[in-house]
Each structure stands twice: as structure tokens, then as C-alpha cells.
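**Q** Under our numbering, the first residue of the sequence shown carries the number 3, and numbering increases by one thereafter. The beta carbon of each residue, even a glycine, is placed where N, CA and C say it ideally should be. Note that this is a predicted model, so its numbers are computed, not measured.
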Amino acid sequence: MAPPALPALIEDILYPCPHEPLPPRTKPMRVLCLGLSRSGTDSLRRALYMLGFSHVWHGFNLPDPSYSALPGKIFTRLARRKFSPGSNDQPISREDFEVVLADCDAVTDTPAAIFAPELIAAYPEAKVILNVRDTEAWHKSMVSTLASLPGNINYGWLIYFQHRLYWTARSFFETTYYGIFDGDIERTGKEAYERHSESVRNATEPERLLEWRVEDGWGPLCEFLDVEIPDEEFPHGNNGEEFQRRLEHFKKVYRHQAYQNIFGLTGAVVAVAAFTYSWYARMRR
């Protein structure tokens, strides 16, 4: 089970996300790749860079220390509006996405793909790619990778002691794990996967949509994007082993930082307790 979220006000106090606001968009959003994780999202990301795209948003950005922790917070808060809307919530808009995506000309992977209908409406100038995979193969991959995260100690109580880990974990839990899989990827995954794909098809005009598999390679992708086919082989990335290596790297980095914060907090508590005891002892003399 995933660790519970803290109240929003406490989150803002304990886990601030200082950042420089992105400048206004200077290039159009060209393509939205809205298939779920484990459906060739990293291969597609690499391919788009090879085709000349300048910044492709991917879920890898969330734990990457070279990026602000803000996207994790933004996607978490948007998930709460999407899946647990309050009476005062406004519809999710382009302005909400631009806080994170203003410097991007392409989007792929979750958590962004969870907001497929909203992104399609927010960026009418963008083409849409539904990257898909055989449902059984996709489900097997999900169960062996992302489904195990909620039971992992690094996504358990440790998240409360490192701000990026907190927002990365919360964005996964609230957009993906609970948002579309109802807290059980193994049980609900196949149906949710098919439902998500159908929602993309229903929200997109046929002439604006390409349904694509990694096995299709360059041909249909380049024709759809109106670019020349590169001389290089189509890239393949983030298989199960690569995913685990990347995950272990980020876990090691943020686990170390979390433990440092725990020790620092413990030392501060001990120091305050010692000072209080000393002051109380002097006052009783």
C-alpha cells in the first residue's frame, strides 16, 4: 500500500519546490505521445530527439536532479483535480500544463499521458501518437516493474524525508497507481490500459492521430511527422533490465539524502531536548 499524502498546506511547508518560471513558449507543441508507460515511451523519446525535436518531456524527468522537483508537485495536484475534484476546481487547462511543458515540443510517458484528453484539448496544434503494445506483454512488463513500487521502502516512509522523492512518489501514486489502476495494477491493469487507449482514440480527430508500435519503426512515424527517415537504426530503450538499473540509481541517490535528513532531524531533536532539559534543571535550582 502506498504511504498516504499529507495535507496540501503541510506539503507546501515541508516540500517546497523553488524554481525559475519557464519563459513563455517560443516554439509550438508538435506532438503528444500518449501511450502509457511500458509501451515504448523511451524508444519514442530517443527517436524524436534523433528527428530534431529539442525537448521531449518524459517521466524520467521527475527523479532527475538536473530538473526542478516542481513537475512532480504539479502533476500530483492536477491528478487530485482530475480524480478527486472539489467544488471550486477549474477544468485543467493549457496554462496548468505550461508551467511544466512551456519549453517542450513533444510529450511522452506518464504522468503526462494520464491527462491525455486534457492535453489533446489544450494543444490543438499538436499531432497525437498513441503508442501501443500487445496488452498481455504490456501487462507483464508493468507487473514486473512499476507495480512493485508501492511496497518498496524507498516509496514508503522514506518519501517523507526527501522533497523530490516525496513529489516523484506522490505523482506516480496519484496519477497512475490510484488514478487509473485503482491501486492494483495486476488486477485492473489490462482493462485500464485498453480504456486509456480508447479514450485517446475518442478524443482525437482521425487525421490527427497515429496509432504506432515500436515494431513499426521509422516509416509510419516519419511519414506522420513529415520528416525524412534517418539513416540510423531505430532506437530501443528502457527494457526491464535498464529500467531496474535506472531505478536503483535514483533510489540510491535519494535514499542517501533521506537518511542524511533523518540523521540531521534526529540530531536537532536531541539538541533541543538536551537544551530544554538543561534549562529546566537550572530553573529548578
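Anyone know if the C-beta pair for residue 189 and residue 71 falls short of 7 Å?
**A** No, the pair does not count as a contact, with Cβ atoms beyond the cut-off.
**Q** Could you please give the first and the last residue of the uninterrupted alpha helix (DSSP H) stretch that includes residue 202?
**A** First-last of the alpha helix (DSSP H) with residue 202: 187 to 205.
**Q** For residue 120, report the span of its alpha helix (DSSP H) as first-last.
**A** From DSSP, the alpha helix (DSSP H) with residue 120 extends over 118 to 124.
**Q** Checking 7 Å against the spacing of the C-beta atoms, do residue 107 and residue 62 come in under that value?
**A** Against a cut-off of 7 Å, the Cβ pair of residue 62 and residue 107 comes out as no contact.
**Q** For residue 232, which residues in the same chain have their Cβ closer than 6 Å to its Cβ, ignoring the five residues on either side in sequence?
**A** Same-chain partners within the cutoff: 52.
**Q** Are residue 121 and residue 34 touching if we call contact CB-CB under 7 Å?
**A** Yes, the Cβ-Cβ distance between residue 121 and residue 34 is below 7 Å.
**Q** Tell me the rounded alpha-carbon separation between residue 29 and residue 105.
**A** So the alpha carbons of these two residues sit roughly 8 Å apart.
**Q** Taking the alpha carbon of residue 2 as the point to measure from, which residue in 78, 207 and 164 has its own alpha carbon closest?
**A** Outside the displayed span of the chain (3 to 287) sits residue 2, for which this structure offers no information.
**Q** May I ask you to report which of helix, strand or coil DSSP gives residue 29?
**A** In this structure, residue 29 counts as coil in the three-state DSSP scheme.
**Q** Assuming residue 114 contacts residue 169 (C-beta within less than 8 Å), just tell me the rounded distance between them.
**A** With a Cβ gap of about 15 Å, residue 114 and residue 169 do not count as contacting.
**Q** Is the CB-CB distance between residue 187 and residue 139 below 7 Å?
**A** Not a contact, by the Cβ cut-off of 7 Å.
**Q** Counting C-beta neighbours from all protein chains within 10 Å, is the total for residue 285 16 or more, i.e. buried, or is it exposed?
**A** Flag for residue 285 reads exposed.
**Q** Count the other CB atoms within 10 Å of the CB of residue 214; is the residue buried (16 or more) or exposed (fewer)?
**A** Buried, by the Cβ-count rule.
**Q** Would you mind working out which of 111, 251 and 64 sits nearest residue 130, comparing C-alpha positions?
**A** Ranking the options by Cα distance to residue 130, first place goes to 111.
**Q** Grab me the residues of residue 245's own chain with a C-beta within less than 8 Å of its C-beta, minus the 5 sequence neighbours each way, in chain order.
**A** Hits under 8 Å: 147.
**Q** Can the beta-carbon of residue 91 be found less than 7 Å from the beta-carbon of residue 83?
**A** Contact flag set, yes.
**Q** Any chance you could list the alpha helix (DSSP H) runs of at least 4 consecutive residues sitting entirely within the region 25 to 93, in chain order?
**A** For the region 25 to 93, whole alpha helix (DSSP H) runs of length 4 or above, ordered along the chain, are 43 to 52 and 72 to 85.
**Q** For a test of the three-state rule: what should DSSP assign to residue 11, helix, strand or coil?
**A** Looking at residue 11 - three-state DSSP - the assignment turns out to be helix.
**Q** Kindly indicate which residue of 162, 45, 248 and 217 has the alpha-carbon position closest to the one of residue 13.
**A** The shortest Cα separation from residue 13 among 162, 45, 248 and 217 belongs to 162.
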